[in-house]
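The next block holds one structure in the form of structure tokens; read it before the comments.
4 protein chains.
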Amino acid sequence: MQIKKTEVEEAIMAEAEKEFYAYGFEHSSVRRIIRAAGTSIGNFYNYFENKEALFNAVVSEEYHTFIRFITQHEQEEGSMLSRDILKQPDWKQQISSMLNRMLPEFISRILPDFSIRFVILVEGSRGTRYEDTGDRLVNLVKEHLREHGRETGCDLPDDSCELLARQFMSGLVAIIKQYHHDEKSRNRLLTQYIIFVMSGVAGLMGIEL
Amino acid sequence: MQIKKTEVEEAIMAEAEKEFYAYGFEHSSVRRIIRAAGTSIGNFYNYFENKEALFNAVVSEEYHTFIRFITQHEQEEGSMLSRDILKQPDWKQQISSMLNRMLPEFISRILPDFSIRFVILVEGSRGTRYEDTGDRLVNLVKEHLREHGRETGCDLPDDSCELLARQFMSGLVAIIKQYHHDEKSRNRLLTQYIIFVMSGVAGLMGIEL
Amino acid sequence: MQIKKTEVEEAIMAEAEKEFYAYGFEHSSVRRIIRAAGTSIGNFYNYFENKEALFNAVVSEEYHTFIRFITQHEQEEGSMLSRDILKQPDWKQQISSMLNRMLPEFISRILPDFSIRFVILVEGSRGTRYEDTGDRLVNLVKEHLREHGRETGCDLPDDSCELLARQFMSGLVAIIKQYHHDEKSRNRLLTQYIIFVMSGVAGLMGIEL
Amino acid sequence: MQIKKTEVEEAIMAEAEKEFYAYGFEHSSVRRIIRAAGTSIGNFYNYFENKEALFNAVVSEEYHTFIRFITQHEQEEGSMLSRDILKQPDWKQQISSMLNRMLPEFISRILPDFSIRFVILVEGSRGTRYEDTGDRLVNLVKEHLREHGRETGCDLPDDSCELLARQFMSGLVAIIKQYHHDEKSRNRLLTQYIIFVMSGVAGLMGIEL
DNA sequence: AATGAATGAGGGTTCATTCAT
DNA sequence: AATGAATGAACCCTCATTCAT
Numbered sequence: 432m433q434i435k436k437t438e439v440e441e442a443i444m445a446e447a448e449k450e451f452y453a454y455g456f457e458h459s460s461v462r463r464i465i466r467a468a469g470t471s472i473g474n475f476y477n478y479f480e481n482k483e484a485l486f487n488a489v490v491s492e493e494y495h496t497f498i499r500f501i502t503q504h505e506q507e508e509g510s511m512l513s514r515d516i517l518k519q520p521d522w523k524q525q526i527s528s529m530l531n532r533m534l535p536e537f538i539s540r541i542l543p544d545f546s547i548r549f550v551i552l553v554e555g556s557r558g559t560r561y562e563d564t565g566d567r568l569v570n571l572v573k574e575h576l577r578e579h580g581r582e583t584g585c586d587l588p589d590d591s592c593e594l595l596a597r598q599f600m601s602g603l604v605a606i607i608k609q610y611h612h613d614e615k616s617r618n619r620l621l622t623q624y625i626i627f628v629m630s631g632v633a634g635l636m637g638i639e640l
Numbered sequence: 432m433q434i435k436k437t438e439v440e441e442a443i444m445a446e447a448e449k450e451f452y453a454y455g456f457e458h459s460s461v462r463r464i465i466r467a468a469g470t471s472i473g474n475f476y477n478y479f480e481n482k483e484a485l486f487n488a489v490v491s492e493e494y495h496t497f498i499r500f501i502t503q504h505e506q507e508e509g510s511m512l513s514r515d516i517l518k519q520p521d522w523k524q525q526i527s528s529m530l531n532r533m534l535p536e537f538i539s540r541i542l543p544d545f546s547i548r549f550v551i552l553v554e555g556s557r558g559t560r561y562e563d564t565g566d567r568l569v570n571l572v573k574e575h576l577r578e579h580g581r582e583t584g585c586d587l588p589d590d591s592c593e594l595l596a597r598q599f600m601s602g603l604v605a606i607i608k609q610y611h612h613d614e615k616s617r618n619r620l621l622t623q624y625i626i627f628v629m630s631g632v633a634g635l636m637g638i639e640l
Numbered sequence: 432m433q434i435k436k437t438e439v440e441e442a443i444m445a446e447a448e449k450e451f452y453a454y455g456f457e458h459s460s461v462r463r464i465i466r467a468a469g470t471s472i473g474n475f476y477n478y479f480e481n482k483e484a485l486f487n488a489v490v491s492e493e494y495h496t497f498i499r500f501i502t503q504h505e506q507e508e509g510s511m512l513s514r515d516i517l518k519q520p521d522w523k524q525q526i527s528s529m530l531n532r533m534l535p536e537f538i539s540r541i542l543p544d545f546s547i548r549f550v551i552l553v554e555g556s557r558g559t560r561y562e563d564t565g566d567r568l569v570n571l572v573k574e575h576l577r578e579h580g581r582e583t584g585c586d587l588p589d590d591s592c593e594l595l596a597r598q599f600m601s602g603l604v605a606i607i608k609q610y611h612h613d614e615k616s617r618n619r620l621l622t623q624y625i626i627f628v629m630s631g632v633a634g635l636m637g638i639e640l
Numbered sequence: 432m433q434i435k436k437t438e439v440e441e442a443i444m445a446e447a448e449k450e451f452y453a454y455g456f457e458h459s460s461v462r463r464i465i466r467a468a469g470t471s472i473g474n475f476y477n478y479f480e481n482k483e484a485l486f487n488a489v490v491s492e493e494y495h496t497f498i499r500f501i502t503q504h505e506q507e508e509g510s511m512l513s514r515d516i517l518k519q520p521d522w523k524q525q526i527s528s529m530l531n532r533m534l535p536e537f538i539s540r541i542l543p544d545f546s547i548r549f550v551i552l553v554e555g556s557r558g559t560r561y562e563d564t565g566d567r568l569v570n571l572v573k574e575h576l577r578e579h580g581r582e583t584g585c586d587l588p589d590d591s592c593e594l595l596a597r598q599f600m601s602g603l604v605a606i607i608k609q610y611h612h613d614e615k616s617r618n619r620l621l622t623q624y625i626i627f628v629m630s631g632v633a634g635l636m637g638i639e640l
């Protein structure tokens with residue numbers, strides 16, 4: 432949103448963010464929001480068409496950021512994991528050094544974008560046009576994952592891919608929930624988490640049962 | 432009373448399960464439930480004291496099953512992961528063979544217990560006395576994990592443990608959601624998932640960054 | 432009621448008495464009554480046509496007892512108060528000695544009849560055919576009082592008579608409420624009360640303002 | 432908003448007064464009130480937080496008025512009754528003249544305050560925070576009475592004091608009920624009533640049984 | 001831009017009563 | 001004689017939204 436918002440609009444959106452985060456869209460109360468924002472119910476409808484419009488205003492930017500994140504960085508991440516690595520006897524060192532190289536940039540560029548609003552989008556959008564955002568995001572990650580599988584020659588079954596994608600999403604959400612106010616801890620935890628996921632995926636792809 | 436008491440009670444509970452799964456406790460509507468169950472609002476209160484009593488009836492058994500699951504099987508799982516394994520050059524084979532040995536029994540005994548009701552318990556219990564069940568379960572798994580860490584000499588930070596525990600929970604939930612009606616697929620996916628998690632944890636514990 | 436009641440019937444009526452006393456007719460719950468009486472809602476309707484029939488069963492005898500009390504003892508009480516007494520210089524002694532003579536019999540005959548059920552009749556009968564019982568009783572007492580006035584030649588205004596009658600009723604009720612379980616205290620208090628009322632009436636009749 | 436806020440608020444309170452008077456708090460229906468007041472159920476909650484808040488609005492002022500009445504006028508009334516008066520041979524004249532002196536002022540200052548709302552407070556407040564108001568008022572009057580007793584050297588038993596206090600309350604209530612719309616009649620009746628009570632108390636204190 | 005009065009559907013719950021068993 | 005399942009109206013209250021001011 433390039434358009435400058437009025438103070439009232441911003442106050443409403445700020446309180447709405449808290450409300451949507453706490454209760455989700457359906458369970459959120461416009462009255463509570465405007466009361467917290469210090470304005471009136473009537474005035475609310477001067478700024479937003481209805482409750483869903485407010486929701487959109489709060490999350491739409493975050494939504495597009497995430498879409499961009501998924502699509503833009505496909506190439507770069509594409510090379511991060513390949514079966515070849517796992518075949519090497521020193522695979523642990525290889526992954527480790529790769530992570531050391533990539534994570535700082537990865538984290539500095541991507542994470543600042545994610546916030547409470549991302550959590551709202553995924554967990555609290557039922558009843559809005561974004562209600563399948565979680566699923567769509569999962570699908571994006573899942574397709575991403577399948578492509579990796581095809582490239583590296585070790586296809587995971589569709590449902591495993593979906594599960595892993597969903598896990599990745601829920602991991603991000605959990606991290607943001609825990610440390611949305613503490614960037615440093617968040618990044619440290621995220622690093623750990625990515626190692627966990629990558630090790631897990633590697634294990635899943637590399638081990639014949 | 433033409434209809435046997437249990438029939439209506441079961442109808443109500445069946446519909447309640449769907450409703451609680453779809454909306455969570457707070458957002459569920461008793462009126463919707465009884466309409467779907469084909470009875471009247473007044474009659475509902477002949478069977479259940481109130482909405483929360485209905486919730487408890489739907490969910491309490493599942494709750495205790497899960498608690499039992501966590502506490503009973505601590506020992507057996509305890510031996511599944513140790514740092515020593517990861518030090519071996521053939522660690523992949525070792526894990527693989529161990530899983531092959533243990534998973535069938537693990538799955539056959541534990542999984543049949545989990546159902547939609549488990550999902551309700553974790554995701555839809557806000558406003559009930561079970562509302563912190565998700566957190567309590569996460570903590571159980573987390574403590575479980577920390578102990579493993581201490582035993583194997585590689586402590587993970589507290590927040591990583593919590594994250595992994597939460598991930599494990601959300602993974603179970605995701606699997607149940609996807610395949611609660613298809614036991615076979617569910618078990619296959621769960622096997623994959625456990626490999627993923629174990630590999631991930633192993634990676635997290637075994638690799639120095 | 433000469434007809435012998437079954438145990439169930441008596442249990443219901445006993446619990447109903449408590450319930451009607453505590454909540455009044457309208458606010459009483461048939462469910463609570465039958466639960467306390469240890470029977471079922473269906474069976475209740477085998478014994479009583481409906482809630483009001485139960486109420487009638489509980490209070491009707493008391494009602495007729497009171498009517499009888501008012502009408503039967505008119506003569507005897509009629510002589511208890513006359514203007515002549517108040518004209519005597521030793522009126523206090525006269526009243527005192529009269530009370531001493533009459534009260535024992537008065538109390539022993541009349542009071543045992545009054546119980547919780549009398550209170551129910553007066554205070555908790557709204558919504559039943561007895562709902563104007565309180566008023567009817569007041570009117571009886573009031574007419575009683577007016578006649579005394581006419582006899583003794585000092586008419587009180589109609590509204591004063593009504594007020595005094597109402598006071599007398601409410602006094603009886605208050606005494607029963609306080610000591611319905613303690614006959615001795617009840618009689619002592621009632622004696623005091625009658626002195627109060629008689630002195631009050633005497634004062635009202637005898638003093639020119 | 433075409434209609435000024437106060438108009439609706441007043442309409443609601445006026446109808447609420449009638450409703451509370453007729454049914455008491457617990458048995459009053461918000462729907463009946465708003466129907467009579469010509470507004471909607473939703474709008475009611477724009478004016479009052481809930482049913483009890485409405486009750487408080489109707490009744491709180493009256494409550495404090497009565498408390499003030501009891502505590503402020505203690506002294507003045509204190510001198511109205513003493514045993515010495517009853518010992519005089521011309522006690523009737525003495526009381527009469529005292530009443531003639533004091534009553535006009537007493538009545539003109541105190542009575543206009545009492546209304547239907549006082550009745551509601553005493554008889555219809557069950558279920559609200561005022562539910563023991565009746566008892567508290569009775570206790571005030573009772574303590575009042577006991578003090579008189581101590582001063583004049585003729586203690587009445589505790590239960591007699593309570594009874595008389597309760598009688599006094601119920602007398603006030605009865606008068607208001609009868610003449611809440613007719614100030615003149617109300618005052619006349621109240622005068623009579625006070626004579627009655629005083630004579631009664633005098634009789635009770637002065638006569639040895 | 002700002003206010004809050006007004007609406008009515010729907011939320012959970014209690015109730016007296018009926019009637020098949 | 002006894003049971004309790006079934007009904008639907010009514011209870012208090014919350015909600016998002018509209019609109020006159």
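Chains as they are written, first to last, in the working numbering: chain A, 432 to 640; chain B, 432 to 640; chain C, 432 to 640; chain D, 432 to 640. Cβ coordinates follow ideal geometry from the N, Cα and C atoms, glycine included.
Strictly below 7 angstroms CB to CB, what residues from chain D border C/Ser591? By Cβ distance, chain D contributes Leu620 and Gln623.
Determine the DSSP secondary structure at C/Leu576, reduced to helix, strand or coil. The DSSP-derived three-state label of C/Leu576 is helix.
In or out: D/Gly634 buried (at least 16 other Cβ within 10 Å) or exposed? The residue in question, D/Gly634, is buried, as its Cβ has 16 or more Cβ neighbours within 10 Å.
Between C/Ser601 and chain D, is there a C-beta pair that is closer than 8 angstroms? Closer than 8 angstroms to the CB of C/Ser601 there is at least one CB belonging to chain D.
Candidates C/Asp613, C/Ala596, C/Lys608 and C/Val569, of which the one nearest C/Met629 by Cα: Minimum Cα distance to C/Met629 is reached at C/Ala596.
Does B/Tyr624 come out as helix, strand or coil in the three-state DSSP assignment? Shown here, B/Tyr624 sits in a helix according to DSSP, grouped into three states.
Under 9 angstroms by beta carbon: chain D residues contacting C/Ile607: What C/Ile607 touches in chain D: nothing, since even the nearest Cβ is about 11 angstroms away.
Using the beta-carbon of each residue, which ones in chain B are nearer than 8 angstroms to A/Arg567? In chain order: nothing, as chain B lies at least about 16 angstroms away.
Can you confirm whether C/His495, when its beta carbon is compared against all beta carbons of chain D, has any partner nearer than 8 angstroms? So no, C/His495 is outside the interface.
List the residues of chain A whose Cβ lies closer than 8 angstroms to the Cβ of B/Glu457, in chain order. Correct list: His458.
For B/Arg577, would you say it is in contact with chain A, using Cβ-to-Cβ distances shorter than 8 angstroms as the test? So no, B/Arg577 is outside the interface.
Go ahead and label A/Ser510 buried or exposed: buried means 16 or more other beta carbons lie within 10 angstroms of its beta carbon, across all protein chains shown. Confidence at A/Ser510 is low in this model, with a pLDDT of 48, below 50, so its placement is unreliable and the value that follows should be read with caution. Its Cβ having fewer than 16 others within 10 Å, A/Ser510 is exposed.
Give a yes or no on whether the minimum CB-CB distance between A/Leu594 and chain B is below 8 angstroms. The beta-carbon of A/Leu594 is placed less than 8 angstroms from the nearest beta-carbon of chain B.
Mind listing the chain A neighbours of B/Arg597? Cutoff is C-beta to C-beta under 7 angstroms, in chain order. Taking the beta carbon of B/Arg597 as reference, the chain A residues within 7 angstroms of it are Ala605, listed in sequence order.
Mind reading off the beta-carbon distance from C/Arg617 to C/Tyr610? Whole number of angstroms is fine, and I expect it under 8 angstroms. Their Cβ separation, rounded to whole angstroms, is 4 angstroms, which keeps C/Arg617 and C/Tyr610 in contact under 8 angstroms.
Report all residues from its chain with a CB closer than 7 angstroms to the CB of A/Ile464; omit the five preceding and five following residues, and keep chain order. Closer than 7 angstroms at the Cβ level, and outside the excluded window around A/Ile464, lie Ile443, Glu446, Ala447 and Glu450.
Could you spell out the range, first to last residue, of the alpha helix (DSSP H) harbouring A/Ser591? Note, A/Ser591: alpha helix (DSSP H), Asp589 to Tyr610.
Kindly give me the distance between the Cβ atoms of A/Ser546 and A/Glu493, rounded to whole angstroms, as I take these residues to be in contact under 8 angstroms. The C-beta distance from A/Ser546 to A/Glu493 rounds to 7 angstroms, short enough to meet the 8 angstroms contact threshold.
N-terminal and C-terminal residue of the alpha helix (DSSP H) that A/Glu441 is part of: Looking at the DSSP string, the run of the alpha helix (DSSP H) that includes A/Glu441 is Glu438 to His458.
Would you tell me roughly how many angstroms separate the C-alpha atoms of C/Leu576 and D/Ala484, rounded to the nearest one? Distance between the alpha carbons of C/Leu576 and D/Ala484: 44 angstroms.
Please work out which residues of its chain come closer than 6 angstroms, Cβ to Cβ, to C/Gly602, disregarding the five sequence neighbours upstream and downstream, and give them in chain order. Correct list, in chain order: Tyr624.
By the DSSP assignment, the alpha helix (DSSP H) with D/Arg560 in it spans what residues? For D/Arg560, there is no enclosing alpha helix (DSSP H), as DSSP marks it with neither H nor E.
Along chain B, which residues have their Cβ under 9 angstroms away from the Cβ of A/Ser616? Going along chain B in sequence order, the residues near A/Ser616 (Cβ under 9 angstroms) are Asp590.
Could you give the distance in angstroms between the alpha-carbon of D/Ser459 and the alpha-carbon of D/Ala453? Taking the straight line joining both Cα atoms gives about 8 angstroms.
Should B/Leu552 and B/Met600 be called a contact, given that it needs their Cβ atoms to be closer than 8 angstroms? In this structure, B/Met600 does not lie closer than 8 angstroms to B/Leu552 by Cβ.
Label C/Gly473 either buried or exposed according to how many other C-beta atoms from any shown protein chain fall within 10 Å of its C-beta, with 16 as the threshold for buried. Around the C-beta of C/Gly473, fewer than 16 other C-beta atoms lie within 10 Å, and the residue is accordingly described as exposed.
Nearest neighbour of B/Ala605, chosen from A/Leu594, A/Ile626, A/Gly565 and A/Ile607 [CA to CA]: The closest CA to that of B/Ala605, considering only A/Leu594, A/Ile626, A/Gly565 and A/Ile607, is found on A/Leu594.
Under 8 angstroms between C-beta atoms of D/Val572 and D/Ile607: In this structure, D/Val572 lies away from D/Ile607, with their beta-carbon atoms at least 8 angstroms apart.
Return the chain-ordered list of same chain residues with a C-beta closer than 7 angstroms to the C-beta of D/Ala488, the five sequence neighbours on each side being excluded. Around D/Ala488: Met444 and Phe479.
Is the distance from the Cβ of A/Val490 to the Cβ of A/Arg557 below 8 angstroms? No.
Excluding five sequence neighbours on each side, which residues of the same chain lie with their C-beta closer than 7 angstroms to the C-beta of A/Tyr678? Nothing in the structure corresponds to residue 678 of chain A, since chain A is present only between 432 and 640.
On the three-state DSSP scale, how would you describe D/Thr496? D/Thr496: helix per DSSP, three-state reduction.
Is it right to say D/Ser591 is buried, meaning 16 or more other beta carbons lie within 10 angstroms of its own, or is it exposed? A residue is called buried once 16 or more other Cβ atoms fall within 10 Å of its Cβ, and D/Ser591 is buried on that count.
Rounded to the nearest angstrom, what separates C/Phe456 and C/Ala467 at their Cα positions? Looking at the two C-alpha atoms, the distance is approximately 16 angstroms.
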